[in-house]
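Protein chains in written order, with UniProt numbering: chain E, 1 to 687; chain B, 1 to 564.
(1) Residues of chain E with a CB under 7 angstroms from the CB of residue 421/B: which are they?
(2) Residue 387/E: which of 659/E, 329/E, 340/E and 677/E sits nearest, CA to CA?
(3) Please report how far the alpha carbon of residue 63/E lies from the alpha carbon of residue 458/E, in whole angstroms.
(4) If I follow the unbroken alpha helix (DSSP H) through residue 185/B, where does it start and stop?
(5) Apart from the five residues on each side of it in sequence, which residues of its chain come closer than 7 angstroms, Cβ to Cβ, to residue 374/E?
(6) Could you name each continuous beta strand (DSSP E) segment of 3 residues or more that falls completely within the region 62 to 87 of chain B, going from the start of the chain to the end?
(7) If we count the other Cβ atoms within 10 Å of its Cβ and call it buried at 16 or more, is residue 396/B buried or exposed?
(8) Compute the Euclidean distance between the alpha carbons of residue 671/E and residue 519/E, then round it to the nearest angstrom.
(9) To the nearest angstrom, report how far apart residue 203/B and residue 24/B are at their CA atoms.
(10) Given this structure, state the Cα-to-Cα distance separating residue 239/B from residue 263/B, to the nearest angstrom.
(11) For chain E, find out if any of its Cβ atoms is closer than 7 angstroms to the Cβ of residue 433/B; answer yes or no.
(12) Any beta carbon of chain E sitting closer than 7 angstroms to that of residue 369/B?
(13) Closest to residue 165/E by C-alpha separation, out of 444/B, 71/B and 420/B, would be which residue?
(14) If you measure from the beta carbon of residue 578/E to each beta carbon in chain B, is any gap under 7 angstroms?
(15) Could you name the residues of chain E that residue 361/B contacts, counting a contact when the two beta carbons are closer than 8 angstroms?
(16) Looking only at C-alpha atoms, which of 19/E, 23/E, 42/E and 25/E sits nearest to residue 12/E?
(17) Based on DSSP bridge pairs, tell me the residues matched to residue 655/E.
(18) Does the Cβ of residue 228/E have 16 or more other Cβ atoms within 10 Å, making it buried, or fewer, making it exposed?
(19) For residue 2/B, which of helix, strand or coil comes out of DSSP?
(20) When the Cα atoms are used, what is the spatial distance from residue 30/E to residue 20/B?
(21) So that I know if they touch, is there some Cβ in chain E lying closer than 7 angstroms to that of residue 378/B?
(22) Find the nearest neighbour of residue 9/B within the set 130/E, 17/E, 424/E and 530/E, judged by alpha-carbon distance.
(23) I want to see whether chain B comes within less than 7 angstroms of residue 95/E, judged by CB atoms only; does it?
(24) If contact means a Cβ-Cβ distance below 9 angstroms, which residues of the region 44 to 72 of chain B contact chain E?
(25) Which chain B residues are close to residue 101/E, counting only those with a beta carbon under 8 angstroms from its beta carbon?
(26) Express the C-alpha separation of residue 485/E and residue 272/E in angstroms, rounding to a whole number.
(27) Comparing the C-beta of residue 685/E with each C-beta of chain B, is any distance below 7 angstroms?
(28) Short check: CB of residue 467/B to CB of residue 524/B, under 7 angstroms?
(29) When the Cα of residue 283/B is compared with those of 185/B, 17/B, 326/B and 531/B, which residue comes out closest?
(30) If you measure between the beta carbons of residue 256/B and residue 278/B, is that distance less than 7 angstroms?
(31) To the nearest angstrom, report how far apart residue 208/B and residue 148/B are at their CA atoms.
(32) Using a Cβ-Cβ cutoff of 7 angstroms, what residues of the region 382 to 396 of chain B are near chain E? List them in chain order.
(33) For residue 565/B, count neighbouring Cβ atoms within 10 angstroms of its own Cβ and tell me buried if that reaches 16, exposed if not.
(34) Would residue 418/B pass as an interface residue toward chain E - the criterion being a Cβ-Cβ separation below 7 angstroms?
(35) Closer than 7 angstroms, CB to CB, is residue 163/E near chain B or not?
(36) Can you give me the start and stop residues for the beta strand (DSSP E) that residue 97/E sits inside?
This is the structure we're talking about:
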């Protein structure tokens, strides 16, 4: 009864396994094998077998997250792809939205499309916005296209016809003919990937889906074969961007759903931790080497981004894709982020990162530039000797020398410059955390703050204090939390479609019927039959008449016009600060979340102990808390020796193999009976 | 003042600057998501900013270049008018083209941000309203001859007092515009954004103290000024000139010559429009505020394109222009289509400076936003107005072909309109949206980018259109021996087999059901000698259908047999 997860990251492949009957835990790390990620996965499994006795044959659940899809896209290494589209519109993919977010750049260009113009083909056909056929599909137009695709060695074809979200019949017919004529070629029709309007966004979605599908199919085949050979024959699941998992077969059908699978694992884990401590509002932060990612879990469910774009920045339009992706705000502040003075002498941190090679200066691998990790070491939070379980010795002098390169010009001491570096990273993390909470109408005071990643727990309690969160929570295994989160994820699918109607009693009747249809699709998707235990959540995107963008509000099967309208008004007000009681309400999109109920990971209970907390005390260390408090001596505790129900006042440090947690003065740390660390403000003292 | 002479440490400075950007971005998100007008939510024709207590811009969202320099002039005009007469909880509204505004359609909502009973700064949101009354639906008659035909003007009024809307003014707006529900909805959204800004700035002041925040504003401005001066000082001193022609004013099609002299001396830059003609009869005039903005856009492109914009960058700049010209129009000259004039002021400066810094500039572009209004009654008899700016070809630069189908300089983070959304909302069917291959682009070692062709079939019995396209005669300029780009056009192909009609600036076109309205935008100018274009690039254009074999031979001297 072992649940096993592997998470392929940019540098390392993490493995976490948990035996639910014995409570045994297995962890391993191996270097990511870039060209064929499945080798790194197998290496991690082998290493877990050797080092901690993982019994592969006992594995009953295998979840996998990786970067194969996003790498193929960002490195432009997908297959040779063609596009078949409505006559008159083959340039839509290349024109994009024509916007210039880089306002003052007179040499700006839109991003390159994934299908060049000579492989974009037009077919005569036309539907109107209601889905009515205006011009039947001209089958003769397909013949020369098929010939060209053969001649050009095309491996995948995307099909997009205008208004197929309202009526997919032309796409189905066309895709069928192409698939019959070109049996070796992957054919993707847009309606099968997205039922939302906006032709550019849907075209880009189906094109990217086609572009990566043969790659992911091949990858999963190889991985399956290798896993079988190792005797790992349980069901295989892929971590999806929506915070849930799917079978490999399902993932191959819509590979774009894997685009942000790693970060989504962390969000799934944070939701599980929230559930374990009885909290439905969770703000999660994962501080990696290059970036920090934050996300909000509301009502126990991850929030989805309605407007996801790949490679999008402030000055780049990016590539929009219409697939459900957990709403993650990512900023360029991670442990490896480099601190420097800009050309006007101001201190900046990130987005450049020292990565894992050369890494922070304190790694002693040749890095000379000061990073956030060097700053954390310089003020005493990290122990140079026990970092990463003692596997890596940190050089405090090298960190100080590197920090001197910014401290000297600023006329600051090393420790004050280190605090300045941390302050700047802290401020950008606060901006991002507020973006997912305050700016979207959620109050951080209602949320617990789950922090993971190598450098996260060192920074967590000050961030939590600034945000006035209910509590700061350090989950088990914070350094490999994305992989742990994949163990906690449940099979999930999202069905979203554009459907346009005024909010009336009749519309609600029809809408209910449409949700029935989506439910049937979900049941078919899980292939478990009518009796499958599926948890459905219904969301409706609605807007005030005249508005274009909507707000999602939950819909219940018992809703009447008034009860749903009230929920919509409340959501609109929370998001945008006002309601328009006189304006009509229009429905634009239906969204069904379907989660297959099954056993979820249990958290092992800590064995009870009659030892005092002193048994976990391993020493004392001086930590610099800034100019006003100065250096304070902090007791250091070993996490795995702490017992359930124990509580310790800050300032103090908790160490474990993958992370170091700093608890501030006037805060209290409490250990739950499952070993989760919960840190709250010491209200008695503070008050 | 130089940086760091006041009590803000470098870390606090960095944190406050980050917060300013986060605030203007947040204002933008709220606006885009709650607005009622397609021009705002789809085309994003709006911008938000924060200014000092003296009306100097300190932060601006990514939106529209044309608002680069208007905020300061607008807020300064309001400060002058309301000195001593502002209280916490007031919000002002202005759409006066002659007081820093642009045209009557742009409503500026300004909130003084009070901290401890003193004004810390101002938050502003300017948005293009779908209709503000006047002689035609959409308020922009291409042949207007006075501002009184261009709709309701509210040149600086208190729309909110003590946090409560002033109903009389809402009533005036409601009675004077054609689509009051949309106008008032947008006003609501605008007010929500400046209130968000007020909350964020109050939080900042509580945390660091208002004195520190003020000092951080001053530091930011002087740091940008220093960087701007350094960039200008690196350019060779001298006098640089350019001329251009504006293709008609909407009332007449007589060509309008315009000119500029740009002088770089040490670390400052002077831009002189003396010699440009007096204000014209038609509405393509712009006022001094828009002219300032047009010039600042190009200065910013030259000195620091990717850095956040603020007034500091423009301290080394002086703009000289006599009053009452086409670029400095005064009441009651019409300014409805002011951006059709102001873009030429930008392009003059651009053209004059391009040879100095090829790494930052490109050749001439299609320039005009080519805006078309299609209005009438939809199939259920309800009125509709569809406004759309169109994307077009940009000029080549020294080392890259020009960009295809990009929004003109005047706008910025401006999206084209989704065909599927248009067809669901308006009685229109789009027959074609693609590159304007037939029109071609400016040839060159690097060629210009392609414009677009967009065709609408009219499905309604009751519809008409108007529009104002520039560069319909005078082609985008080429650089360094590159060819000129191609021109824009508005065409009507009547359903009953009548003759194809071609327009530039046109005040009214009656449309019949089944007529096809065709928007054609031009390609950009080329850079360098076409004969020096690498055969590989010519072949790529042939493969993509951008060139015919005959053109490849005649323009580029490319012959497949010879090149193999």
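The beta-carbon is built from N, C-alpha and C at its ideal position, and this holds for glycine as well.
Note that the structure is a prediction, hence the values are computed from the model and not measured.
The answer reads as follows:
(1) 197 and 198
(2) 659/E
(3) 29 angstroms
(4) 180 to 208
(5) For residue 374/E, where only same-chain residues beyond five positions count, the Cβ hits under 7 angstroms are 360, 361, 362, 399, 402 and 403.
(6) none
(7) buried
(8) 42 angstroms
(9) Answer to the nearest angstrom: the Cα atoms are 15 angstroms apart.
(10) The straight-line gap from Cα to Cα measures roughly 4 angstroms.
(11) yes
(12) no
(13) 420/B
(14) yes
(15) 106 and 107
(16) 42/E
(17) 638/E and 660/E
(18) exposed
(19) Reliability fails at residue 2/B, whose pLDDT of 39 lies under 50, so the model's placement of it is uncertain and the value that follows must be treated cautiously. It is coil, neither helix nor strand.
(20) 42 angstroms
(21) no
(22) 424/E
(23) Taking Cβ atoms only, chain B reaches closer than 7 angstroms to residue 95/E, which makes this a yes.
(24) Those would be 44, 62, 63, 64, 65 and 68, in chain order.
(25) Residues of chain B passing the Cβ test: 62, 412 and 413.
(26) 8 angstroms
(27) Here the model assigns residue 685/E a pLDDT of 45, short of 50, so the residue's position is not dependable and the matter cannot be decided.
(28) no
(29) 326/B
(30) The Cβ atoms of residue 256/B and residue 278/B lie no closer than 7 angstroms to each other.
(31) 48 angstroms
(32) 391
(33) Within the shown structure, residues of chain B are numbered from 1 to 564, placing residue 565/B beyond reach of any answer.
(34) yes
(35) By this cut-off, residue 163/E is an interface position.
(36) Counting along the chain, residue 97/E sits inside no beta strand (DSSP E), nor does DSSP assign it H or E at all.
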